[in-house]
Structures are given as structure tokens and as C-alpha cells.
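Undergrad:
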Amino acid sequence: MPDIRSIINDTFPAKKVVVLGDIVADQFLSGTISRVSREAPVFILRHDETVTLPGGAANAAANVASLGGKAVMVGRVGSDEAGGKILDALQTAGVDTTHISRLPGTRTTAKVRVLAGQNYAARQQVIRIDYEDSCEADGETQAALRNAFHSVVVRSDAIIISDYNYGTVFPEIIDDALSISRDQNIPLVVDSRYRLASLANATTATPNREEVEQILGAKFSPEQCSELREQLGLKALLVTNGNQGMSLFEAGKPEVRIPAVGSIEPVDVTGAGDTVIAAYALALASGLNFEEAANIANHAGGIVVMKKGTACALPYELIASIDPPSGSFSSHAK
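Here is the structure:
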């Protein structure tokens, strides 16, 4: 069996993963409750700070980088302040941002979480405000994205498509990714918030339970998931089920259930799916099989849900979580 410590410490850093998808600015506005307003029965929040972190596909890229991989991001942001901050955050995270298009006159998709609390008390999320750019990329932007994608995907070891339905992922660039994945014999790992069927014939996909329910309906069965995998032309389908773990459906094999790692009461699930797809893609790029890669992704997801806000998993945390007695990987699947 593969030496997981060597895989994480030595193999991950040698792997280049291209992430294509919708970039989101995850912003956390925190403040202190000072008093009750005289204008309305609401608290007045005195602003303390606003932190901008990579969200959406950008969070997947940040997690590839935090786990030691060479992350290259292909996407678009606006020319606004949020766009500049997300580029800075990605560069700080170690992600190659050279091929991100910055579009004048457009808004960067941003999700602002307002965190409130009294002095010396923990801040809690009270509301989220979304600023969405859901416009389909125009012809010029699509051409720029396709050119950028083609220029960086050469000699890459895996491709991630992370589609949040904000217009960056369109049919022609999906076809490009499918063709390159086949020609270069590298894994294409996909996820889509609303249109997984449009990403058919990829190597594997990582939808969460809600996304599968959009296709199969509530209370879907393992048999239906196996049929969905076949209908989508995937070699494997990895369904994440929150604190119930994961289910892996692979061609020619029975369902593999992977129990959740750590506490069943997460601190914050923001961006956990991005961490899962990043670790899964890196593991597949490193030569691990689907079950081994899914187990690594499961541990990575278990790490970040115990952190506040949009977070990344680190190599030493991943090794400590898996904690093999002799340094070799052992599956926790049941």
C-alpha cells in the first residue's frame, strides 16, 4: 500500500492542478454589539474588521496550494475592490493567479457574512449578504478564458472544474477540459451546484447530498446513485453526506461507505466541499485509486469543518488525522 506520509510530503508538491471555475470572495465582516438602536429594535454593530478569503473555485485552488500542490487558477473577477482583495488573498495562499481575467465594469461575486458579538465574546453569524455576478461570459471573455485554460493545462496532473453557476463554466470550455483530460490521460474532477449533468463524461464528480437530490429526488437509493454514475459517464461518483460521511460509487464495484472523521458537530461547514475536491484531485493526480483518494478527501474535509470560516487543510494536519501506525495508508471505509 502507498506510504501516505511520502504521498503528502513528497508527491503532492510535485503535482500541478489546474482549477477552472467561479471565483467567489468570501468576506467576513465582524463587529461588536454596542447598543440597541433608537431608530428600530435592532442592535447597532460597531465594525471591527472585514476579512476577504478565497471562496468557491478559488477556495479549491487555495486548498490545493495549502496541501502542497501547485495550484493554477483560471477564472474571472471584477475590477472592483472585492476582485483586488481576492487576487491578493489567492497570491498570499500560493496560487498562480496569472490566468485570472479581471473584467472592467463588472462586479466580483461576493458573499458577506456578518459576525456579531459583545466584547470578549465569540462572534456568531447573524446574516449573509450575497453580491452575485451571474451573467454569462461574453464572447471576448469566453475566448480569453479558453486561451488561458489551454496555455496552463499543458503538463498538468489533474483538472478541477468547480461550477457555482456564475457564468465562468460554459459548454465550449467544458469540451476543452474533457478533450484535454482524455488526450493527456489526467483526471478531470468536477462539481456543480445546479447542473452536474452538463459535466458528463468527466473522470469523477464530488456532489453533496443536496445536489444529488436535485437530480434523483429525496431519499435516493445507492442503486440510483450507481445508475446516475453510469448515466453521467463517470468512472466514479463520490457523494458527500455531511456528518454522515461519504459514499463512493465506482464502476464494477459495490458502494463504499466512508464514515465521517472527527466530531459530528462541525464548527463551520463553509467551503468544506472545496477542500474535499482539492484533496481528492491531488490524491488521484498522485496515483491513488478512487477509494484511497476519497479517504484522504474525507479526512481533509473533516479537518476544515472544525475551523471557523472558509478554511484550508494543511499537510501535517492531514497526516495527523489519518495517523497510520507505520506510515502506510489504511482505508477507513466500511
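First residue of the sequence shown: 0, per numbering that gives the first Met the number 0; consecutive thereafter. Using N, Cα and C, we set each Cβ at its ideal position, and we do this for glycine too.
(1) Within the same chain, show all residues whose beta-carbon is closer than 8 angstroms to that of Val-41, passing over the 5 residues directly before and after it, in chain order.
(2) Check whether the Cβ atoms of Ala-136 and Ile-158 lie closer than 8 angstroms to each other.
(3) Hey, Val-63 and Ala-70: beta-carbon distance below 8 angstroms or not?
(4) What residue from Thr-107, Glu-290 and Asn-146 has the CA that sits closest to Tyr-130's CA?
(5) Under the rule that 16 or more other beta-carbon atoms within 10 Å means buried, what is Ile-43, buried or exposed?
(6) Ignore the nearest five residues each way along the sequence and tell me which others in Leu-215's own chain have a CB closer than 6 angstroms to its CB.
(7) So Gln-213 is in the alpha helix (DSSP H); what residue range does that whole segment cover?
(8) Between which two residues does the beta strand (DSSP E) harbouring Pro-274 extend?
(9) Can you list, in chain order, the residues of its chain with a C-beta nearer than 7 angstroms to that of Phe-219? Leave out the 5 residues immediately preceding and following it.
(10) Hey, is Asn-146's beta-carbon within less than 8 angstroms of any beta-carbon in chain B?
(11) Report yes if the CB atom of Gly-74 is closer than 8 angstroms to the CB atom of Leu-114, and no otherwise.
(12) Name the two residues that bound the continuous beta strand (DSSP E) containing Glu-48.
(13) Measure the Cβ-Cβ separation of Gly-272 and Gly-301 and say whether it is below 8 angstroms.
(14) So what's Ser-191 in DSSP terms, helix, strand or just coil?
(15) Could you check where the alpha helix (DSSP H) with Gln-230 kicks off and where it finishes?
(16) Using the Cβ count rule (16 or more neighbours within 10 Å means buried), how would you classify Glu-229?
(17) Within the same chain, show all residues whose beta-carbon is closer than 7 angstroms to that of Val-275, passing over the 5 residues directly before and after it, in chain order.
(18) For Asp-174, which option in Ser-155, His-149, Arg-154 and Tyr-163 has the closest C-alpha, if you only look at C-alpha atoms?
(19) Have a look at Ile-3, Leu-236 and Ile-172 and flag the residue whose alpha-carbon is nearest the alpha-carbon of Asp-162.
(20) According to DSSP, simplified to helix, strand and coil, what is Ala-39?
(21) According to the neighbour-count rule (16 or more other Cβ atoms, all chains shown, within 10 Å of its Cβ), is Arg-122 buried or exposed?
TA: Taking the structure as given:
(1) Around Val-41, the same chain offers Val-35 as residues with beta carbons nearer than 8 angstroms, after the five sequence neighbours per side are excluded.
(2) Going by C-beta atoms, Ala-136 is not nearer than 8 angstroms to Ile-158.
(3) Cβ distance < 8 angstroms, so Val-63 and Ala-70 count as in contact.
(4) Tyr-130 has its Cα closest to that of Thr-107, out of Thr-107, Glu-290 and Asn-146.
(5) Exposed: under 16 other Cβ atoms inside 10 Å.
(6) Non-local beta-carbon contacts of Leu-215 in its own chain, meaning distances under 6 angstroms to residues more than five positions away in sequence, involve Gln-223 in chain order.
(7) Annotation for Gln-213: the continuous alpha helix (DSSP H) segment containing it runs 208-215.
(8) The sequence given here has Thr at residue 274, not Pro. Segment 271-284 is the alpha helix (DSSP H) holding Thr-274; no beta strand (DSSP E) there.
(9) So the list reads Val-211 and Glu-212, once near-sequence residues are dropped.
(10) Any reference to chain B falls outside this structure, which holds one protein chain only.
(11) No, Cβ-Cβ distance for Gly-74 and Leu-114 is not below 8 angstroms.
(12) For Glu-48, the enclosing beta strand (DSSP E) covers residues 42-55.
(13) Inclusion of Gly-272 and Gly-301 in the CB contact set at 8 angstroms is not warranted, their separation being larger than that value.
(14) Strand, per DSSP.
(15) Counted as a single uninterrupted DSSP element, the alpha helix (DSSP H) harbouring Gln-230 occupies residues 221-230.
(16) With fewer than 16 Cβ atoms within 10 Å of its Cβ, Glu-229 is classed as exposed.
(17) Correct list, in chain order: Thr-205, Thr-239, Ala-296, Ala-299 and Gly-300.
(18) Looking at the Cα atoms, His-149 is the closest of the given residues.
(19) Considering only alpha carbons, the answer is Ile-172.
(20) Per DSSP, reduced to three states, the secondary structure at Ala-39 is coil, with no helix or strand assignment.
(21) It counts as buried.
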